[in-house]
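Trainee: Pasting in a structure now, in structure tokens, and then I'll have a few things to ask.
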Amino acid sequence: MSENPSIKKTVLFDLHVELGAKMVPFAGYDMPVQYPDGILKEHLHTRSAAGLFDVSHMGQLVISGADPAKAIESLIPGDIQSLAPGEMRYSFLTNDKGGILDDLIVTRRGADLFVVVNAACKEQDTALLRDGLRGQAEVTELADRALVALQGPKAAEVLARFAKDVATMPFMTYREMTIAGVPCFVTRSGYTGEDGFELSIPLDQAVTLCRKLLGEAEVKPIGLGARDSLRLEAGLCLYGHDLTEETTPVAAGLLWAISKRRRTEGGFPGAAAIQAEIANKPAMRRVGILPEGRAPAREHTEITDEAGNVIGEITSGGFSPSLEIPIAMGYVPLAFSDVGTKINLLVRGKPRPAMVAKMPFVEQRYYRG
Amino acid sequence: MSYRFTEDHEWVLVEGNIATIGISDYAQGQLGDVVYVELPSVGGDVSKGDELAVVESVKAASEVYSPVSGEVVEVNGELEGAPTLVNEDAMDTGWFAKIRIKDASEIEELMDETAYKSFVEGLDE
Chain A
105 MSENPSIKKT
115 VLFDLHVELG
125 AKMVPFAGYD
135 MPVQYPDGIL
145 KEHLHTRSAA
155 GLFDVSHMGQ
165 LVISGADPAK
175 AIESLIPGDI
185 QSLAPGEMRY
195 SFLTNDKGGI
205 LDDLIVTRRG
215 ADLFVVVNAA
225 CKEQDTALLR
235 DGLRGQAEVT
245 ELADRALVAL
255 QGPKAAEVLA
265 RFAKDVATMP
275 FMTYREMTIA
285 GVPCFVTRSG
295 YTGEDGFELS
305 IPLDQAVTLC
315 RKLLGEAEVK
325 PIGLGARDSL
335 RLEAGLCLYG
345 HDLTEETTPV
355 AAGLLWAISK
365 RRRTEGGFPG
375 AAAIQAEIAN
385 KPAMRRVGIL
395 PEGRAPAREH
405 TEITDEAGNV
415 IGEITSGGFS
425 PSLEIPIAMG
435 YVPLAFSDVG
445 TKINLLVRGK
455 PRPAMVAKMP
465 FVEQRYYRG
Chain B
19 MSYRFTEDHE
29 WVLVEGNIAT
39 IGISDYAQGQ
49 LGDVVYVELP
59 SVGGDVSKGD
69 ELAVVESVKA
79 ASEVYSPVSG
89 EVVEVNGELE
99 GAPTLVNEDA
109 MDTGWFAKIR
119 IKDASEIEEL
129 MDETAYKSFV
139 EGLDE
């Protein structure tokens, strides 16, 4: 691979190379897609023990001001004002048509908000938030922090060896604590469907802390390849694929992330479109899909009805290492969205039978306290 | 007989007028964990350069092209239940298909093991 001078590296780059990672460009960063174990083993290790993921390419922002929770609600449909300090919520930036510009996680800290956004969208999001909140709140990028995720059924046990208080943190909460001597922002959250944590770490101490975590017997480094198969099994959306400016939270099945108050009051971009879509039902709906047989159906695979008419498209698809079968998600007309509906997938031009299926494909195992 | 290779990392092993075809160890390493192999139909004709099979790894689908022209006389049915044979034993039990060779001169155009080795070494990682 030739050197691309514009590609960015996270602070953990040298550690990835030392661990034997295969590096690939992703969202402008040179990122580990897998380590020598390979995606299958990394995936299964995360489901049975604990995996450490570098997600430092993602954007970390702080929004401060007189009432940042109220202010940000003018740009996202999430109910941020109802969050108590230390609570966090999944939401999205929407456009005037109710399309999704990015998905993000908003944490209410003491007086400010801590926001994590997708790597590929972070510049656009930061500009949008700055413009939209001008005069009400200030947006600061935390360029001096790395972000890693420790995920899996052993994540809490491992992390508690360094900071025992993490054990009792419920899912979707935030705390500032010292882990092995390093001051971290800790959230109990993740993108694998497993119990786990994300740690925001000062850049200059990130390598040291990661080495300590990797020194624990249960922990292995996990690349972006397994991160993708893990989140697909958990039924979680990937922005730019399952969610785009053309998809609304209603079509994407993410209405659970818009509270009754926000649905009624509106006051965010695209509120009218989303309210109308709630009332009239969306034309298309995101569904889980189980292809018959063993051939995976990838993103952009066309979905047809049994008569052969193209009715939709796969937006994420691959092989489930946990279930050892292909799994996918995609959009179909509402009339085809019931679990058990028979459809066909055009894989390499040939129709292959498949069925609309319940998601998540693998049960989520979050710690609710 | 000895292995011959294409620049697309297929290998060919000829016995009589039958060519056994697979992908190289280098190729399986690049693909990663193989989860599915779509094999051609027995009895079908292929021309050199045609798509012969598709290998699906966890990451992506990759085409395998036929290094020779001829009729598909056998496919490796073991791969259906055990696609990881491609990773574990790419050069032997992980073979894909056997083809009755139509034009033996096509084999001569392929790289021998030494040439393939230096070809792979010359590839940018």
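In order, the protein sequences belong to chains A and B. Going by the numbering used here, the first residue of the first sequence is number 105, and it counts up by one from there. Going by the numbering used here, the first residue of the second sequence is number 19, and it counts up by one from there. Don't be surprised by glycine CBs; every beta carbon is placed ideally from N, CA and C. Here the structure is a predicted model, which is why all the values come from computation and not from measurement.
(1) Output the distance between the C-alpha atoms of A/Leu123 and A/Pro400, rounded to the nearest integer angstrom.
(2) Assuming A/Leu187 contacts A/Leu233 under a Cβ cut-off of 8 Å, what Cβ separation, rounded to an integer in Å, is found between them?
(3) Taking A/Leu427 as the query, report the chain B residues whose CB atoms sit under 9 Å from its CB, ordered along the chain.
(4) Assign A/Ile184 to one of three DSSP states: helix, strand, or coil.
(5) Any idea what DSSP makes of A/Ala432, helix, strand or coil?
(6) Please list the terminal residues of the continuous beta strand (DSSP E) segment that includes A/Lys454.
(7) Name the DSSP bridge partner or partners of A/Asn448?
(8) Once the 5 residues before and after B/Gln48 are set aside, which same chain residues still bring their CB inside 7 Å of it?
(9) Secondary structure at A/Val220, three-state DSSP: helix, strand or coil?
(10) Would A/Tyr343 and A/Asn199 be called neighbours here (beta carbons separated by less than 7 Å)?
(11) Starting from the beta carbon of B/Tyr54, find every residue of chain A whose beta carbon is closer than 9 Å, and list them in chain order.
(12) Compile a chain-ordered list of the residues in the region 130-157 of chain A whose CB is closer than 7 Å to at least one CB of chain B.
(13) Between A/Met105 and B/Phe137, what straight-line distance do the alpha-carbon atoms span, to the nearest angstrom?
(14) For B/Asp51, which residues in chain A fall below 7 Å Cβ to Cβ?
(15) Check whether the Cβ atoms of A/Ile378 and A/Gly202 lie closer than 7 Å to each other.
(16) As a quick exercise: from A/Met463, A/Ser424, A/Pro455, pick the residue whose alpha carbon is nearest that of A/Ala443.
(17) Which residue comes first and which comes last in the alpha helix (DSSP H) that contains B/Val82?
(18) Looking at C-beta atoms only, is the number of pairs between the region 258-274 of chain A and the region 168-184 of chain A that lie closer than 8 Å three or more?
(19) Using a Cβ cut-off of 7 Å (strictly closer), state whether B/Glu74 contacts chain A.
(20) Which residue marks the beginning of the beta strand (DSSP E) containing A/Val341, and which one marks its end?
(21) Which residues mark the beginning and the end of the alpha helix (DSSP H) in which A/Phe117 is found?
(22) Using the Cα positions of A/Leu487 and B/Leu103, report the straight-line distance between them to the nearest angstrom.
(23) Let me know the secondary structure DSSP gives A/Arg151 once reduced to three states.
Mentor: With the given structure in hand:
(1) 30 Å
(2) With a Cβ gap of about 17 Å, A/Leu187 and A/Leu233 do not count as contacting.
(3) None at all; the shortest Cβ gap to chain B is about 11 Å.
(4) coil
(5) strand
(6) 454-461
(7) A/Thr408, A/Pro457
(8) none
(9) strand
(10) no
(11) Gly397, Arg398, Ala399, Pro400, Phe423, Pro430
(12) Gln138, Gly142, Ile143, Leu144
(13) Any answer about A/Met105 is weak, because its pLDDT of 46 lies below 50 and its placement is not dependable; what the coordinates show is given next. Distance between the alpha carbons of A/Met105 and B/Phe137 is about 16 Å.
(14) Gly142, Ile143, Leu144
(15) yes
(16) It should be noted that the sequence gives Val, not Ala, for residue 443 of chain A. Here the closest residue by C-alpha is A/Met463.
(17) Element bounds for B/Val82: not the alpha helix (DSSP H) but the beta strand (DSSP E), 79-83.
(18) no
(19) yes
(20) For the record, residue 341 of chain A in the displayed sequence is Cys; it is not Val. Premise fails: A/Cys341 is in no beta strand (DSSP E) and is neither H nor E.
(21) 117-122
(22) Residue numbering for chain A in the displayed model covers 105 to 473; residue 487 of chain A lies beyond these limits and cannot be assessed.
(23) helix
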